[in-house]
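Chemist: Shown below is the structure under consideration.
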Amino acid sequence: MLIIGIDPGITGAICFFEDGEIKDVIEMPNMADGKKNKRQINGPQIFNEISVRIKGIPKKDVLVVMEQVSAMPGQGVTSMFNFGQSFGVIKGVCSAMQLSMYFVRPTKW
């Protein structure tokens, strides 16, 4: 089984585990967007990065484990919105790829 661990933050990462071994780790793909060139995650690149690594593996043998995001005390409204938006993009990409997903609270992560 291939397990894909995802930290959905803009400075997060995607890790690929197979048979108890780390196969690859990549920084979260991101891009500049808007008038202020603010960084946001790059959904199409996430799709490409995952697609390359799961090629030839039956989807039933791939599991995505991602941090379950929620509001945290002390974080600003804008940063929480951006974090939630990143989570939604990644969840959408994995759903479109028909990959099984499991969400883990940060305290368990």
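In short: position in the sequence shown from 1, add 126, done, that's my numbering. By construction, the Cβ of each residue, glycine as well, lies at the ideal position given by its N, Cα and C atoms. Since this is a predicted model, take the numbers as computed values, not measurements.
1. Is the segment 223 to 233 touching the segment 153 to 171, taking contact as three or more C-beta pairs under 8 Å?
2. Who pairs with leucine 225 in a beta bridge, going by DSSP?
3. Taking the alpha helix (DSSP H) that asparagine 174 belongs to, which residues open and close that run?
4. When burial is assigned at 16 or more other CB atoms within 10 Å of the CB, is isoleucine 183 buried or exposed?
5. In its own chain, which residues sit with a C-beta less than 6 Å from the C-beta of lysine 149, not counting the 5 before and 5 after it?
6. Per DSSP, isoleucine 148 forms a beta bridge with which residues?
7. Locate the beta strand (DSSP E) running through glycine 131, then write down its first and last residues.
8. How would you write the range of the beta strand (DSSP E) that valine 190 sits in, first residue to last?
9. On a CA-only basis, which of Thr233, Asn208, Ile152 is nearest glutamate 175? Give me that one, please.
Modeler: Inspection of the coordinates gives the following:
1. Result no; under three Cβ-Cβ pairs closer than 8 Å.
2. Per DSSP, none; premise fails for leucine 225.
3. Where asparagine 174 is concerned, the enclosing alpha helix (DSSP H) stretches over 169 to 180.
4. Of the other Cβ atoms in all chains shown, fewer than 16 fall within 10 Å of the Cβ of isoleucine 183; this residue is therefore exposed.
5. Counting only residues of its own chain and dropping the five nearest sequence neighbours on each side, lysine 149 has a CB closer than 6 Å to the CB of Phe142.
6. Its beta-bridge partners are Phe143.
7. Note, glycine 131: beta strand (DSSP E), 128 to 133.
8. Start and end: 188 to 193.
9. Among Thr233, Asn208, Ile152, the Cα nearest to that of glutamate 175 belongs to Ile152.
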